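Visitor: Protein chains in written order, with the numbering used here: chain A, 1 to 361; chain B, 1001 to 1308.
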């Protein structure tokens, strides 16, 4: 409640500030930065982390910027209205943080050429519209190393949301890493058709554990799978946020998203006039993915292996999607010596050799 | 498929079905009395957040469960005051309650995000829980699963063989006639609405104190709506609600377990199924003849204004 109160105070202050400006007393007005979230900021997952990024940026720039956000914006016609309203109300820069905001963002960007737009996870760009995305597969690779070493039943469970390239890519990443440390490892994938539904995620976690899985990795946003893991005495890895508090024993570590570096960098670029439209990918190297709260109860060799994989990816020594690599249908999907480009990464629609599953149509 | 797996599926079925039964039974009583409350999702979230806050502050789950029930009743009181006392449009009021509940719960829960609790523990029935298979499936649950079955029995009995059940039905079928024979229509309806709120609040406690002992915005993820359609499917009969809810739970677990086998159903079809079925039933129900056949309460959704 205190947080709300503060927001409210800030709102009043900024309103007072705006009033002061309209009388022409001040020389420079703060840059206005808007954020559009698909979920509630209290989801403790995707939108929560974006909002943390916003608050970090606010703290970094102080009164040089003024940030606003709209949460729970449905992906559809409503999104366009929200984004347009933001552009109309004098925002200089607008971040839209869900894939489904792509077309509305593009449309509004065309209509407001003087406003800068940044859209997360999409692929449409324009003179005033950039895209940015996380290299989540880097985090998955580290998760796969730990999972492969920790599983005693040689079965890793993956709670998957929707069969889109990001999720498919990450499943591959987990499996190739796990296989590199444990040749007998198998992966069981369970599609739950949602990004966020604690009950369903919990059901899926339990169903996987029933089938002999003893390490859980999730591509959904609630801490429910970790809580299930804790109850059943298996291991799990947190997603998007630091979920250590939900499962003191089961939690191995969390791969936390950190959007603040990108938000701070982008705002600075616009202030300096150096911003250019681009397709930005951030991972360990940019500190936008963080291995958070490694559990003390992990064996020393697992901790070492996790740190090594993280450091190797961060330094660029290790690039997970490097050929030769075959799909599980026997097709050569990455030529020997080739590393997938960002564009190719965005289109991964095959499982690698050894994954005993098909991608749902 | 081995016996352990089947045991686990059946065990999970009971857990998954429980919140649906609670919400649907409460809503059924409400609708039987002629009031359609579409605010289930909002009441559920408020029940969940209040239960969670009470549990994290006091550490007493018994007390927390009651707080959740009272929170649900508080929301229901608001709905009752508007839709019964002031005779507002029930559909609009219910939808407003859902939106209000979503916002209120998010506001109340701001400082409780990111905390996990122990949750209400399993309460095994002595002796019976040692029976192989059946013991695990039926007698190793948390207290709320048993309480839900007791509440089902209560509702079933009230409508089957009590005057109160008859009165509720009379009010829902023909409030004018009920009024004429001296039944206080508004009082009965208000009580039914409050009962519905209590049940939904309890279901909220089940989500935030048993199933996933935590709070996050919108954690009910549409269960209030599914329960709402369940009432229609069950054609306002308690025993069918029980069956339907467990069937729904069973189907959703089975769908997960069957993935990767040759019995696989495409996950997106499964995810869409409850909603698609709801639409079909609602379209189907818009015909009056079918409505009668389905034994829908006749005056459902119509506010009653006493003449005096």
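Just so you know, even glycine gets a beta-carbon here, dropped at the ideal spot from N, CA and C. No experiment lies behind these values; they were computed from the predicted model shown.
From A:159, A:148, A:96, A:155, pick the residue whose C-alpha is nearest to that of residue 132 of chain A; which is it?
Guide: It is A:96.
Visitor: Any beta-carbon of chain B closer than 8 angstroms to the one on residue 252 of chain A?
Guide: Not closer than 8 angstroms to any Cβ of chain B, the Cβ of residue 252 of chain A fails to qualify, so no.
Visitor: Entirely within the segment 1211–1289 of chain B and at least 4 residues each: give me those alpha helix (DSSP H) ranges in chain order.
Guide: Listed in chain order, they are 1223–1233, 1238–1257, 1267–1285.
Visitor: What residues are listed by DSSP as bridge partners for residue 160 of chain A?
Guide: The partner list for residue 160 of chain A (beta bridge, DSSP) reads A:191.
Visitor: Tell me the rounded alpha-carbon separation between residue 25 of chain A and residue 115 of chain A.
Guide: Only weak support exists for where residue 25 of chain A lies, its pLDDT of 39 falling under 50; the coordinates are left without a value.
Visitor: Using C-beta distances below 8 angstroms, list every residue in its chain close to residue 22 of chain A, excluding the 5 sequence neighbours before and after it, in chain order.
Guide: Only weak support is given to the placement of residue 22 of chain A: the predicted model assigns it a pLDDT of 42, under 50, and the value that follows is read from those uncertain coordinates. Hits under 8 angstroms: none found.
Visitor: Which residue or residues does DSSP assign as beta-bridge partners of residue 119 of chain A?
Guide: Answer by DSSP bridge pairing, in chain order: A:96, A:131.
Visitor: What first and last residue would you give for the alpha helix (DSSP H) that runs through residue 270 of chain A?
Guide: First-last of the alpha helix (DSSP H) with residue 270 of chain A: 260–272.
Visitor: So, at 6 angstroms on beta carbons, what are the nonlocal neighbours of residue 1094 of chain B in its own chain, with the 5 sequence-adjacent residues on each side left out?
Guide: Within the same chain, residue 1094 of chain B has close Cβ partners 1037, 1038, 1039.
Visitor: Rounded to whole angstroms, what is the Cα-Cα separation between residue 1071 of chain B and residue 1043 of chain B?
Guide: Going by the C-alpha atoms only, they are around 8 angstroms apart.
Visitor: Which residue comes first and which comes last in the alpha helix (DSSP H) that contains residue 315 of chain A?
Guide: Note, residue 315 of chain A: alpha helix (DSSP H), 300–315.
Visitor: Inspect the beta-carbon positions of residue 1221 of chain B and residue 1051 of chain B and report whether they are closer than 8 angstroms.
Guide: Taking 8 angstroms as the Cβ cut-off, residue 1221 of chain B and residue 1051 of chain B do not qualify as a contacting pair.
Visitor: By a C-beta neighbour count over all protein chains shown, 10 Å radius and 16 as the cutoff for buried, is residue 343 of chain A buried or exposed?
Guide: Exposed, because fewer than 16 other Cβ atoms sit within 10 Å of the Cβ of residue 343 of chain A.
Visitor: Let me know the secondary structure DSSP gives residue 1086 of chain B once reduced to three states.
Guide: Three-state result, residue 1086 of chain B: coil.
Visitor: Could you tell me which residues DSSP puts in a beta bridge with residue 332 of chain A?
Guide: Residue 332 of chain A is bridged to A:326.
Visitor: Does residue 37 of chain A have its Cβ less than 8 angstroms from a Cβ in chain B?
Guide: Not closer than 8 angstroms to any Cβ of chain B, the Cβ of residue 37 of chain A fails to qualify, so no.
Visitor: Residue 946 of chain B to residue 1270 of chain B, Cα distance in whole Å?
Guide: This structure gives no information on residue 946 of chain B, because the portion of chain B shown stretches from 1001 to 1308.
Visitor: Could you tell me whether any non-hydrogen atom of the ligand FMN is closer than 7 angstroms to the CB of residue 76 of chain A?
Guide: With respect to small molecules bound, the structure shown includes none, and the ligand FMN cannot be examined in it.
Visitor: Would you call residue 338 of chain A buried or exposed, if buried means 16 or more other Cβ atoms sit within 10 Å of its Cβ?
Guide: Answer is exposed; the Cβ neighbour count stays below 16.
Visitor: Decide if residue 37 of chain A is buried, meaning its Cβ has at least 16 other Cβ atoms within 10 Å, or exposed.
Guide: Result: buried.
Visitor: Would you say residue 25 of chain A faces chain B, with C-beta separation under 8 angstroms as the test?
Guide: Its pLDDT being 39, under 50, residue 25 of chain A is placed unreliably by the model, and the measurement read from it follows with that caveat. Not closer than 8 angstroms to any Cβ of chain B, the Cβ of residue 25 of chain A fails to qualify, so no.
Visitor: Taking 8 angstroms as the threshold (beta carbon to beta carbon), is residue 55 of chain A in contact with chain B?
Guide: Output row for residue 55 of chain A: interface = no.
Visitor: Which residue or residues does DSSP assign as beta-bridge partners of residue 67 of chain A?
Guide: Partner(s): A:33.
Visitor: Taking Cβ to Cβ, would you say residue 188 of chain A is nearer than 8 angstroms to residue 208 of chain A?
Guide: Contact: yes.
Visitor: Please list the terminal residues of the continuous beta strand (DSSP E) segment that includes residue 254 of chain A.
Guide: From DSSP, the beta strand (DSSP E) with residue 254 of chain A extends over 251–257.
Visitor: What is the DSSP secondary structure of residue 1036 of chain B, reduced to helix, strand or coil?
Guide: Correct three-state label for residue 1036 of chain B: coil.
Visitor: Pick helix, strand or coil for residue 217 of chain A, following the three-state DSSP scheme.
Guide: Correct three-state label for residue 217 of chain A: strand.
Visitor: In the DSSP assignment, find the unbroken beta strand (DSSP E) run with residue 1166 of chain B in it and report its ends.
Guide: Element bounds for residue 1166 of chain B: not the beta strand (DSSP E) but the alpha helix (DSSP H), 1163–1173.
Visitor: Could you name each continuous alpha helix (DSSP H) segment of 4 residues or more that falls completely within the segment 1083–1162 of chain B, going from the start of the chain to the end?
Guide: You should have 1090–1109, 1134–1139, 1143–1161.
Visitor: Helix, strand or coil: which one does DSSP assign to residue 39 of chain A?
Guide: In this structure, residue 39 of chain A counts as coil in the three-state DSSP scheme.
Visitor: Let me see if you follow: with CB-CB separation under 8 angstroms, is residue 199 of chain A close to chain B or not?
Guide: Yes - at least one Cβ of chain B is within 8 angstroms of the one on residue 199 of chain A.
Visitor: Output, in chain order, the set of chain B residues within a Cβ distance shorter than 7 angstroms of residue 191 of chain A.
Guide: What residue 191 of chain A touches in chain B: 1259, 1267.
Visitor: Can you tell me the Cβ-Cβ gap for residue 306 of chain A and residue 290 of chain A, rounded? I've got them flagged as a contact below 8 angstroms.
Guide: Actually they do not touch by this definition, with Cβ atoms about 13 angstroms apart.
Visitor: Would residue 152 of chain A count as contacting chain E if we go by Cβ distances under 8 angstroms?
Guide: Annotation note: the requested chain E is absent from the structure, which comprises protein chains A and B.
Visitor: With 8 angstroms set as the bound, which would you pick, yes or no: does the beta-carbon of residue 1016 of chain B sit closer than that to a beta-carbon of chain A?
Guide: Residue 1016 of chain B counts as touching chain A.
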